[in-house]
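Contents: one structure, followed by commentary.
2 protein chains.
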Amino acid sequence: MRRVACAPLAPRVGDLAANRALTLAAIGAARRRGADLLVLPELATSGYVFADAAEARSVAVGADDRLLTDWAEAAGELTLVAGFCELGDDEALYNSAAVLDGDGVRAVYRKTHLWDREHLVFTPGSAPPPVVDTRAGRLGVLICYDLEFPELTRSLAMRGAEVIVAPVNWPLVARPPGERPPEVVIAMAAARTNRVFAAVCDRTGTERGLRWTAGTTILDESGWVLAESVEDALVVADLDPARARDKSLSGRNDALADRRHELYGTGEAQPGASAR
Amino acid sequence: MRRVACAPLAPRVGDLAANRALTLAAIGAARRRGADLLVLPELATSGYVFADAAEARSVAVGADDRLLTDWAEAAGELTLVAGFCELGDDEALYNSAAVLDGDGVRAVYRKTHLWDREHLVFTPGSAPPPVVDTRAGRLGVLICYDLEFPELTRSLAMRGAEVIVAPVNWPLVARPPGERPPEVVIAMAAARTNRVFAAVCDRTGTERGLRWTAGTTILDESGWVLAESVEDALVVADLDPARARDKSLSGRNDALADRRHELYGTGEAQPGASAR
């Protein structure tokens, strides 16, 4: 069993020092709860509703920044997945997530599907999301809107991910009474159709008039909710990532082996057939 | 606007005459309600829990059978999508769905993803599901377990389907209190991520000890429930299929155009790159 935690923070937009303190405190809290994995929200270092690209740049850090070294040191045995505003070697800004533990930065993923005004600030990543072996299981890392592409969550499962880990910032949208946030419904379906766990860490609060969903949710490999956000408290669930290796659905069915990829044509060139 | 209806029948296993009467009665009821589209469950002509393949064969009919002619005649202006136990020209049995209207049979789809013991009775279809222009909108047709392949629902949307229409027979499975059937969650995510409507007609009752979910649901293009099963009553919703043509999610986002297919590799050959 592994203990998975998500810390639904409310970062302060444009205040790197305050967010450093918030994130380090969350790592401490998760370690005290015995967590093997901690997920922090998207852009936990910077906030989200930037006045302009210059404001984002003013708090962007490289993946070799002291902040990430401090995160790694604080993490120790714990594996941390945290969203941050990345300044690339190429001087471009990326909406990124780092996977770290006491040994340092294990992977950095740059969000590949940008949402709305993010296009005015960030460059989309050009590499597929990583699947990283960690002490907390084999993690497939996505960021927010990425989750809404079922071919992407499928590809992580096909590549062996046991837990889909997603820092998100979900702006609150209307939904019918009694319904879960629509993004959670999508994550539930992704978990169930792929037989993978999911740990989605959303932020909380309101930022420059934008209210957040606070939809942090940890899902089991049947897509059911193991734990979900209540106020700003740490969301914690114990799960066995290895259960995600069993894709059988019945004595004669397997969620991945039953795929008939020759039937899924969309009328466009496919990976392997062409490169962009 | 189009009026969409689903008739959650309980077919009698192995009794073609009884099921003919049930299905014709449902068509009549839907026409009286002014429906433009009627969906009937999977295997509405035969029932599901066959003692063996011979029993299925005893009630199988060809797509040119008098039953389908009668359905078409009864349908008139209404478009009907109905599951039936098909005897192929090749003498194989298929778990099929026909799309019909007063002009006759418009398409027949043979289920491509078979569930569990269906493998002992049916041959899986070899053709992708059809997308059919009808008076009730542009319909993409799937059957039951097919729905659990997000690459398949995606491909229907990419091919222009406005409404995913699915005859199903969902065996009742355990779910946490207060949750929808898991198959409905998957359909909601498929509708929302693809901006398509969905009309899923499940059967009702218990058959040879197998209890059915009775999960009939009509979804809007945001994945929310427009109407759902209450007892055996006709499930009806009015919707505008053309709204599914708008894939925009924000001023800068589009559910389909935002796809980055070069990033969705699964490590296997893709359609277009190879054939199976």
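In the order they appear, the protein sequences are chains A and B.
Under UniProt numbering, the letters of the first sequence match residues 1 to 276, in that order.
Under UniProt numbering, the letters of the second sequence match residues 1 to 276, in that order.
Ideal Cβ positions, reconstructed from N, Cα and C, are used throughout, including at glycine.
The DSSP-derived three-state label of residue 146 (chain A) is helix. For residue 17 (chain A), the closest alpha carbon among the candidates A:5, A:45 and A:38 is that of A:45. Looking at A:265, A:230, A:241 and A:222, the one whose alpha-carbon comes closest to that of residue 249 (chain A) is A:222.
In this model, residue 177 (chain A) and residue 64 (chain A) are separated by some 45 Å (Cα to Cα). Taking the C-beta atoms as reference points, residue 244 (chain A) is found nearer than 8 Å to residue 162 (chain A). Here residue 188 (chain A) is buried: its Cβ has 16 or more other Cβ atoms, across all protein chains shown, within 10 Å. Annotated three-state conformation of residue 212 (chain B) is strand, per DSSP. Membership of residue 217 (chain B) in the beta strand (DSSP E) is indicated by the continuous run 217-219. Put simply, the backbone Cα of residue 10 (chain A) is about 9 Å away from that of residue 202 (chain A). Runs of the alpha helix (DSSP H) lying entirely within the stretch 146-179 of chain B, each at least 4 residues long, are 150-158 in chain order. At a cut-off of 8 Å between beta-carbon atoms, residue 115 (chain A) makes contact with chain B. According to DSSP, residue 239 (chain B) shares a beta bridge with B:2. With a cut-off of 8 Å on Cβ pairs, the stretch 66-80 of chain B is not in contact with the stretch 202-218 of chain A, counting fewer than three such pairs. Cα atoms of residue 7 (chain B) and residue 84 (chain B): separation of roughly 14 Å, rounded to the nearest angstrom. For residue 189 (chain A), the C-beta contacts it makes with chain B under 8 Å involve 150, 185, 186, 188, 189 and 190, in order along the chain. The beta-carbon of residue 204 (chain B) is placed no less than 8 Å from the nearest beta-carbon of chain A.
The beta carbon of residue 104 (chain B) lies closer than 6 Å to those of 72 in the same chain, with the five residues before and after it left out. One finds 115, 116 and 145 in chain B with Cβ atoms closer than 8 Å to the Cβ of residue 253 (chain A), taken in chain order. Nearest to residue 190 (chain B) by C-alpha distance, out of B:219, B:130 and B:204, is B:219.
With the rule of 3 Cβ pairs closer than 8 Å, the stretch 248-262 of chain A does not count as touching the stretch 19-35 of chain B.
Classified as buried, residue 180 (chain B) has 16 or more neighbouring CB atoms from the shown chains inside 10 Å of its CB. Neighbourhood of residue 179 (chain B) in chain A, by CB distance below 8 Å: 224, in chain order. Between the alpha carbons of residue 39 (chain B) and residue 160 (chain B) lies a distance of about 20 Å. For residue 93 (chain A), no Cβ of chain B is located within less than 8 Å of the residue's own Cβ.
With 16 or more other CB atoms across the displayed protein chains lying within 10 angstroms of its CB, residue 146 (chain A) is buried. Contact with chain B is found for residue 263 (chain A), since one of that chain's Cβ atoms lies less than 8 Å from the residue's Cβ. With respect to the 8 Å criterion, residue 129 (chain A) and residue 137 (chain A) are not classified as neighbours on the basis of their beta carbons.
Shown here, residue 226 (chain A) sits in a strand according to DSSP, grouped into three states. Taking every protein chain shown into account, the CB of residue 36 (chain B) has 16 or more other CB atoms within 10 angstroms, so this residue is buried.
For the 8 Å CB-CB criterion, residue 14 (chain B) and residue 58 (chain B) form a contact. Taking each of B:43, B:4 and B:87 in turn and checking the Cα distance to residue 204 (chain B), the smallest one comes out for B:43. Within chain A, no residue has its beta carbon less than 7 Å from that of residue 1 (chain B); the closest one is some 20 Å off. At a cut-off of 8 Å between beta-carbon atoms, residue 209 (chain B) makes no contact with chain A.
Buried is the label assigned to residue 198 (chain A), since at least 16 other Cβ atoms lie within 10 Å of its Cβ.
Residue 199 (chain A) is bridged by DSSP to A:165 and A:218. Assigned with DSSP and collapsed to three states, residue 33 (chain A) falls in coil, not helix or strand.
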